[in-house]
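Going line by line, the protein sequences match chains A and B. Just so we're aligned: the first sequence equals residues 1 to 344 in the working numbering. Just so we're aligned: the second sequence equals residues 1001 to 1344 in the working numbering. Note that CB positions come from ideal geometry on N, CA and C, so glycine has one too.
2 protein chains.
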Amino acid sequence: MVTMRDVAERANVSIATVSFVINGTKRVAPQTRARIEAAIEELDYRRNVVARALASSRTRILALLHPDLEARPNATVIQFVMSAAHGARERGYDLVLWPVNDDEQMSHLLAGGLVDGALLMEVRICDSRVDRLVESRVPFALIGRTENDDLPYVDIDFATTIDQAVGHLRSFGHERIALVTQRTKAAPGDEPGRIMRAEAAYLDATAALRRRVRRPPAVIAVEGTSAGGREAARTLHDDFPDATAVVLVNEGASAGLVKGSRALGRSIPDDLSIISASTTRELGEMIEPSLTVMAAPAPQLGRLAADALIDQLEGVQDTPPHLLIPCTLVPGQSVGPPPEGRRR
Amino acid sequence: MVTMRDVAERANVSIATVSFVINGTKRVAPQTRARIEAAIEELDYRRNVVARALASSRTRILALLHPDLEARPNATVIQFVMSAAHGARERGYDLVLWPVNDDEQMSHLLAGGLVDGALLMEVRICDSRVDRLVESRVPFALIGRTENDDLPYVDIDFATTIDQAVGHLRSFGHERIALVTQRTKAAPGDEPGRIMRAEAAYLDATAALRRRVRRPPAVIAVEGTSAGGREAARTLHDDFPDATAVVLVNEGASAGLVKGSRALGRSIPDDLSIISASTTRELGEMIEPSLTVMAAPAPQLGRLAADALIDQLEGVQDTPPHLLIPCTLVPGQSVGPPPEGRRR
DNA sequence: CTGAAAGCGCTTACAG
DNA sequence: CTGAAAGCGCTTACAG
């Protein structure tokens, strides 16, 4: 292995000077620099990142913490992960995957000093992992939000997204719109923030409408699987037969909802309009009929989260970043006017 | 930050002894050990992994190299990644994501000394990245195979998988079976090994049959997208109208092939049987009708690849691992007998 | 069974 | 503009 010492000897300088030109941390006379650069080139020297990390107490490694990475993460989650990894890499950082559920284990990992910062996904409104993160004094950024707005985060703007979804359906004439969200193993009220915010946004966006047509909210929570989607179709059919449209915030259940509805004899979109919020356009294309989706800004948000964290680490920024980006409407074939008979 | 020195002082021993008990690398008198353990507990000491890495020249970090991680990796790839990350973590290793296409950049990263070993995905038959890996002297394992069988690998057994898929279709009476694979940007002959092996296996498995019915092979390569799938449906319809069944080795095109075929008036499975090989059962369930799939053993293989690499790093194993696991047939509703008129 | 000490390959005040 | 040297927090022969 060729070390900095080898380069220094060949260029006839001290290792300090070599370090200065490699890092650009101090002025070095042009010809000294040239000698060093030549030596580096000739020896094909590459700085050892571990030694650098120990000496500078900066590893340039970021952790990505996600509880469900083992299960089957949906396409949107993957986009977050991949874009965060790319964003990090472009700024000279590496991303390690930490599929950790346990708070205790998380603290242990954090305390090991491997990572300079952490990105946390699937954030809950009250999330003990965030407390651990704060305790650990490792800088972090959230992909999602807790109720504490002071922490740095990057999140999907569910309020705007759901509002637009509802607006889109209303523009077709729908007045009875249900919401299908995701059921998790979490205690009620402790679900990922995304679920709670989507529900709140739905209640908001449909409030005036519901008042007018005198109907209670129609909210269904099912597993994020095909089976969950079919369950939602049945519940919708049995318990909310007058609903003519659905806003879905449950990517994994999308296909099942469509299949289940059709199995119950309801055609999409003639009998039921569906809009799947916070997913990928690829998922929409896979389903028949093509789903109208609100595409999640995951490819941007993952990178923005990495950038926000790195800015924080490098002291580039003054104030904790709070980024909120709505999903983008991508029309498919799953939304149409409500059936005549059901229109009120 | 509490260091080993702090622990040593509190326990009244040298830091060497502390190191010995933490690593279990040397016998230590029971009561000395107890004192040290107490001190560790009281100070909530956690060994610094960076210092350890520098001193021991082992980082316990593994790199996962995948060229297409930025694009949209399919569900199977994700299963590989996640199970590899989990397998590594369980053995005390971390996995960093290196979404790198460029050979040069790969060599740079490898030379930095951050990782003890690497896992390479999307391996081509002749893969220059493998040469770089060998040059770099960083131990590695392949997920996939080159033509050089001496390297350690873990791979899907495409020969068996395709053979079983063809056998399954034949048991329903199909005699004219097409193959749909994936088109990549790679030069011909330089595609990922999986594609070439699948094609070879198809030619093998259908050889006798084709000889009997006097028909040439029917192989179609399309993009791994919904559009690609629709293109395959059209090509099948136009160029191979007598094919009554398809084996698909193109996860991303599955949904498009079904939608495209139906759009051309061919019902599945009445007019065309489809079996999607090397994918996830979840994908099969999403599509209507539910696809018969050969589920990839990705959740096992990712972990096995990590294990193989770690065994190699720790000198646990003698011979380079060569693991080949076939996919598992999961019947859906996309395979049935061929239409009467077409049966020959 | 335990310790003193060298060393891993860098960075970074500090001095000149 | 350049260098000598301390130090990052561990591991690991070596000696006793």
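For residue 1007 of chain B, there are no C-beta contacts with chain A under 8 angstroms, since the nearest C-beta of that chain is about 14 angstroms from it. Taken through DSSP and simplified to helix, strand or coil, residue 1204 of chain B comes out as helix.
If you check the CB distance, residue 1201 of chain B and residue 1158 of chain B come in under 8 angstroms. For the stretch 90-120 of chain A, the set of positions with a beta-carbon nearer than 7 angstroms to some beta-carbon of chain B reads 94, 95, 96, 97, 99, 108, 111, 112, 113, 114 in chain order. Close partners of residue 226 of chain A in chain B (Cβ separation under 8 angstroms): 1282, 1285, 1286. Assigned with DSSP and collapsed to three states, residue 227 of chain A falls in helix. Three or more beta-carbon pairs separated by less than 8 angstroms link the stretch 149-156 of chain A to the stretch 313-331 of chain A, which places the two stretches in contact. For residue 48 of chain A, the closest Cβ of chain B is nearer than 8 angstroms.
When rounded, the separation of the alpha-carbon atoms in residue 1029 of chain B and residue 33 of chain A is 54 angstroms. Taking 8 angstroms as the threshold, the shortest C-beta distance from residue 59 of chain A to chain B falls below it.
Close to chain B, meaning a Cβ-Cβ distance shorter than 7 angstroms, is no residue of the stretch 291-322 of chain A at all. Per DSSP, residue 1294 of chain B lies in no alpha helix (DSSP H) segment; the continuous beta strand (DSSP E) that holds it begins and ends at 1292-1295.
Ranked by Cα distance from residue 222 of chain A, the options A/234, A/128, A/216 are led by A/234.
Chain-order list of chain B residues neighbouring residue 259 of chain A: 1288, by C-beta distance under 7 angstroms. Under the three-state reduction of DSSP output, residue 1113 of chain B falls in the coil class, being neither helix nor strand. Considering only B/1241, B/1284, B/1280, B/1253, the residue with the shortest C-alpha distance to residue 1265 of chain B is B/1241. Within a 10 Å sphere around the beta-carbon of residue 1175 of chain B sit 16 or more other beta-carbons, which makes this residue buried. Closer than 8 angstroms to the CB of residue 86 of chain A there is at least one CB belonging to chain B. Annotation: Cβ neighbours of residue 78 of chain A in chain B (cutoff 7 angstroms, chain order): 1073, 1078.
Contact annotation, residue 254 of chain A with residue 272 of chain A: C-beta distance approximately 13 angstroms; criterion of less than 8 angstroms not satisfied. A straight-line Cα-Cα distance of about 6 angstroms links residue 1064 of chain B and residue 1098 of chain B. Residue burial annotation: residue 1191 of chain B is buried, with at least 16 other C-beta atoms found within 10 angstroms of its C-beta. Among the residues facing chain B, residue 253 of chain A is not included, as its CB has no counterpart in that chain under 8 angstroms away. Residue 1299 of chain B carries a helical assignment under DSSP once its states are collapsed to helix, strand and coil. The Cβ atoms of residue 1308 of chain B and residue 1141 of chain B sit closer than 8 angstroms to each other. Excluding sequence positions up to five before and after residue 95 of chain A, its CB lies within less than 7 angstroms of the CB of 62, 64, 84, 85, 88, all in the same chain and listed in chain order. Here residue 1281 of chain B really is in contact with residue 1330 of chain B; their C-beta atoms are around 5 angstroms apart, less than 8 angstroms.
For residue 161 of chain A and residue 306 of chain A, the gap between their C-alpha atoms comes out near 23 angstroms. A Cβ-Cβ contact shorter than 8 angstroms links residue 1249 of chain B with residue 1181 of chain B. In the same chain as residue 1009 of chain B, and ignoring 5 residues on each side of it, no C-beta atom comes closer than 7 angstroms to its own. CA-to-CA, the gap between residue 1173 of chain B and residue 1337 of chain B works out to about 6 angstroms. In the DSSP assignment, residue 1057 of chain B falls outside any alpha helix (DSSP H), carrying neither H nor E. Cβ atoms of residue 49 of chain A and residue 1112 of chain B come within 8 angstroms of each other, at about 4 angstroms.
Note on geometry: alpha-carbon atoms of residue 31 of chain A and residue 13 of chain A lie some 12 angstroms from one another. For residue 94 of chain A, the enclosing beta strand (DSSP E) stretches over residues 94-98. In this structure, the CA atom of residue 1251 of chain B is about 7 angstroms from the CA atom of residue 1224 of chain B.
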